[in-house]
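Heads up, the thing below is written out as C-alpha cells.
Quick look at the structure:
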C-alpha cells in the first residue's frame, strides 16, 4: 500500500477477490483501486476500500479469480476486425456435424453475391469425427452460394459457386507457390493447396466481397468485444497479407479517436510488395514516427514480413521450404535500413534452418551498425535450437511464440517424429537462457484467438485434438504460461514498465475469470472466459453475476452476419439456443440439424443423450472418453 496516495478517491474498486499478480507480494491481494485508468492501490479489502468515495463504483468479486489483462503478442486484429462479421467461426466446435449444420444455416442466411467464409481457427482433430469436410458435402449444402473454407496455411475448400465467383477454370494457371487441384478432365475440383507458401490462399480469399466502411467499423468493434470475452486487453498486431497501410488502418484509427477501442493495439507495418520491400520501409521510416500514438493505439515497428524471400510458411503437411539464394542480400538491405533508423522489427521464422540464415544476416549488420539494445523479434521459432537461442540473446532479441502447434501438432509429429515435437518451440529453454518470450496466437487464420487454449497447450502439453506432444520436462507451470501472456508480452511493444501486471502505477487492465485458472482441471482451462474485463480502468465486457455492469450492446451489421448467430468462438449455450430456435425452416422444412446430425436429443438407436455430451465440456474429441463412455455409433451424415 502506498500511503502517499491515500487521499485519492478511486473511480472504481474491486474487492473480495483472489487477485493474481506477477510481482510477488508478502500479503494476500484481494482488492484493487483504480483512478484515471491506472491502479492506485493494490492490497487487502480494508486498506483499498479506504480509497472509496460517494462517486466510486464498488464491485464485490465474491472470491473470483482476477488476473492481469491478457496480452496477445502476435495476432492479426486489424485484418481480423475488418472481416470478423463476414466469417463463420469453427473455433472450438466439437464435431464436424455441428460445423456443417452451422455452414448450412449460414448459407440459408447469406444474400448474393456474398460468400460464406470459414477462415482458420480450427483443426480436423478437434472434431469427434477426426476429419475435414469433403467437397461433396460442401457442394450439397451450398449449390449456389460461394463457400470458402480455409484450413491453416495448408489448403482451402471452395464449392463450385466459389470457383465460378473467382473465375477459376480449366485454363487458369496456378500461381507460383500454389496448386489448384484438378480432376481427370483438368477441371478445378475446388481444393487449392499452399505449396510451399500461402499466397494462393490469401489472394483467392481477397477476391471475395468486402464489408462496407460502416460495417467494417461494426465488425471491428465486435471482434474486440469477442477478445474481451476471453480477458484480452492488449494485442500486438503483426500486420498480414493484404493489410495495407494506411488504408486498412483507418477503422482502428477512427475508433481510437472516438474512444471506442476496447483492446490496446500496438501495430507493426508489414510490407505488401515483393521486390519493393526496401522502398516500403524507406518510405515508412521517413513518414511514420516510431511509437506514434497513445496507450490505446500506437506504432510498434516493422514486420513480421520484412522481405518476401525470407518467408518460410509453416505447413507441416508439406516438406520444409528452402529459402531462395537471393534472400540474404534482400533481407540485409532492409535490416540495415531499420537498424540505422532505430526501428524495432520482427520476422516470421518457423524453422531453425531459416533462423540460422537470418541470424547470419543480423550478425553481419550488427558488426557494421550495432543493434545496441534495439528491440527485435523472431516470431514462431518452432524448431529453433539452443545455439540459435544463444545467438538471439547475444543480439538482444526476443521470441514471440504462438499456439500453432496446438492446431497442427499431429501433422508435425507424423512428419518429424515425437522426439522432435517435444521442443516445438523450446519455450522452457528460452526462459532458462533468459531470452524475452511473449505468448500469442497468430489468430485468426491459423490458430484461434482464445488465449486459454494456448494456456492449455503450454501447461497440459496437448493439442486441441488431445494428442500429448510435450512431457513433464517441457510443459510450463500455469503461473509461467500466464506470465508469458501478460508481462512477457509487454516487452514486445516496449511497454513492460507500464502494463502486464496489477501494480500501483500500471495501466488498469484486468480480467475476472469464470473459473479459477489455478484450480480447475487441464480440460477446464480451455473453457475459461472472462466475466468482467476492464481496460484503461473502464468495464468493456461483463456477463453473469456482473451483467449489470455491461456496456450497452452493439447491434451486429449486416443483419445476416454469422456473428449475430454464433458470436465467434463456440459456446454450448449459444448453439443450444440456436438449435431450439431452428427446428423448422422458413418453409416448414425439417431443420438442418436433423439433416446433418441425427443425435439432437437422445438418439433413436441407443437412447444415449448424445447432444448433452456434444455440448458439454467433456473431451468429445477423445474417442476413449466419448465413444467408450457412451458406446454411441449413431452419427449420420
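In the working numbering, the protein residues as written are 2 to 638. Heads up, the beta-carbon is just placed ideally off N, CA and C, and yes, glycines get one too. On a predicted model such as this, the values are computed, not experimentally measured, just so you know.
{"Check": "By DSSP, does residue 489 sit in helix, in strand, or in coil?", "Outcome": "helix"}
{"Check": "Name, in chain order, the residues that DSSP records as bridge partners for residue 39.", "Outcome": "36, 508"}
{"Check": "Can you give the Cα-Cα distance for residue 210 and residue 91, rounded to whole angstroms?", "Outcome": "21 Å"}
{"Check": "Beta-carbon of residue 171 versus every beta-carbon of chain D: anything under 8 Å?", "Outcome": "The structure shown contains no chain D; it is built from a single protein chain."}
{"Check": "Find out if the Cβ-Cβ distance for the pair residue 225, residue 262 is shorter than 8 Å.", "Outcome": "yes"}
{"Check": "Is it true that the region 545-559 meets the region 25-32, where meeting means three or more beta-carbon pairs spaced less than 8 Å apart?", "Outcome": "no"}
{"Check": "As an exercise, report each continuous beta strand (DSSP E) stretch of at least 3 residues that is fully enclosed by the region 322-403, in chain order.", "Outcome": "346-350, 377-381, 399-403"}
{"Check": "Residue 387: buried (16+ other C-beta within 10 angstroms of its C-beta) or exposed?", "Outcome": "exposed"}
{"Check": "Among 438, 458, 397, 437, which one has its Cα closest to the Cα of residue 524?", "Outcome": "458"}
{"Check": "Measure from the alpha carbon of residue 13 to the alpha carbon of each residue in 213, 573, 551, 539, then state which is nearest.", "Outcome": "539"}
{"Check": "Excluding sequence positions up to five away, which residues of its chain have a Cβ less than 7 Å from the Cβ of residue 527?", "Outcome": "453, 454, 457"}
{"Check": "Around the C-beta of residue 173, are 16 or more other C-beta atoms found within 10 angstroms, so that it is buried, or is it exposed?", "Outcome": "exposed"}
{"Check": "Can you grab the Cα-Cα spacing for the pair residue 185 / residue 192, in whole Å?", "Outcome": "14 Å"}
{"Check": "Between 436, 394, 443, which lies nearest to residue 408 when the distance is taken from Cα to Cα?", "Outcome": "443"}
{"Check": "Kindly list the residues whose CB is nearer than 6 Å to the CB of residue 208, restricted to its own chain and excluding five residues on each side of it in sequence; keep chain order.", "Outcome": "167"}
{"Check": "On the criterion of 16 or more Cβ atoms from any shown chain inside 10 Å, does residue 562 qualify as buried, or is it exposed?", "Outcome": "buried"}
{"Check": "From residue 251 to residue 507, what distance separates their C-alpha atoms?", "Outcome": "28 Å"}
{"Check": "Applying the criterion that 16 or more other CB atoms from any shown protein chain within 10 Å of the CB defines a buried residue, is residue 189 buried or exposed?", "Outcome": "buried"}
{"Check": "Using beta-carbon positions only, say whether residue 108 and residue 142 come within less than 8 Å of one another.", "Outcome": "yes"}
{"Check": "Please list the terminal residues of the continuous beta strand (DSSP E) segment that includes residue 300.", "Outcome": "298-303"}
{"Check": "Extract the residue ranges of the alpha helix (DSSP H) inside the region 204-237, only unbroken runs of 4 or more that lie entirely within it.", "Outcome": "214-230"}
{"Check": "According to DSSP, is residue 95 helix, strand or coil?", "Outcome": "coil"}
{"Check": "Do three or more CB pairs link the region 71-78 to the region 486-501 at distances below 8 Å?", "Outcome": "yes"}
{"Check": "With DSSP as the reference, identify every bridge partner of residue 183, one or two as the case may be.", "Outcome": "189"}
{"Check": "By how many angstroms is the C-alpha of residue 342 removed from the C-alpha of residue 86?", "Outcome": "38 Å"}
{"Check": "Give me, in chain order, the residues of the same chain whose beta-carbon lies closer than 6 Å to that of residue 1; leave out the 5 immediate sequence neighbours on both sides.", "Outcome": "It is not possible to answer for residue 1, since the shown part of the chain is limited to 2 through 638."}
{"Check": "Going by beta carbon distance, what residues of the same chain come within less than 7 Å of residue 305, once the five residues before and after it are set aside?", "Outcome": "239, 240, 269, 271, 347, 348, 349, 380"}
{"Check": "Where residue 597 and residue 139 are concerned, what is the direct C-alpha to C-alpha distance, given to the nearest angstrom?", "Outcome": "Low confidence applies to residue 597: its pLDDT is 42, below 50, so where it sits in the model is not reliable, and the reading given next is rough at best. Going from the Cα of residue 597 to the Cα of residue 139 covers about 12 Å."}
{"Check": "Just to check my reading of the structure: residue 89 and residue 104 have Cβ atoms closer than 8 Å, yes? What is that Cβ distance to the nearest angstrom?", "Outcome": "7 Å"}
{"Check": "Can you tell me which residues form a DSSP beta bridge with residue 112?", "Outcome": "Bridge partners of residue 112: none, in fact."}
{"Check": "On the premise that residue 377 lies in contact with residue 291, defined as a C-beta separation below 8 Å, what is that separation, rounded to the nearest angstrom?", "Outcome": "Not really, about 13 Å apart at Cβ, beyond 8 Å."}
{"Check": "Drop a sphere of 10 angstroms on the beta-carbon of residue 460, count the other beta-carbons inside from all chains shown, and report buried for 16 or more, exposed for fewer.", "Outcome": "buried"}
{"Check": "Can you give me the Cβ contacts of residue 65 inside the same chain, cut-off strictly under 6 Å, excluding the 5 residues immediately before and after it?", "Outcome": "18, 513"}
{"Check": "By DSSP, does residue 294 sit in helix, in strand, or in coil?", "Outcome": "strand"}
{"Check": "Compare the Cα-Cα distances from residue 382 to each of 406, 363, 372, 362 and report the closest residue.", "Outcome": "406"}
{"Check": "For the alpha helix (DSSP H) holding residue 1, just list the boundary residues, first then last.", "Outcome": "Not covered by the structure: residue 1. The range shown for the chain is 2 to 638."}
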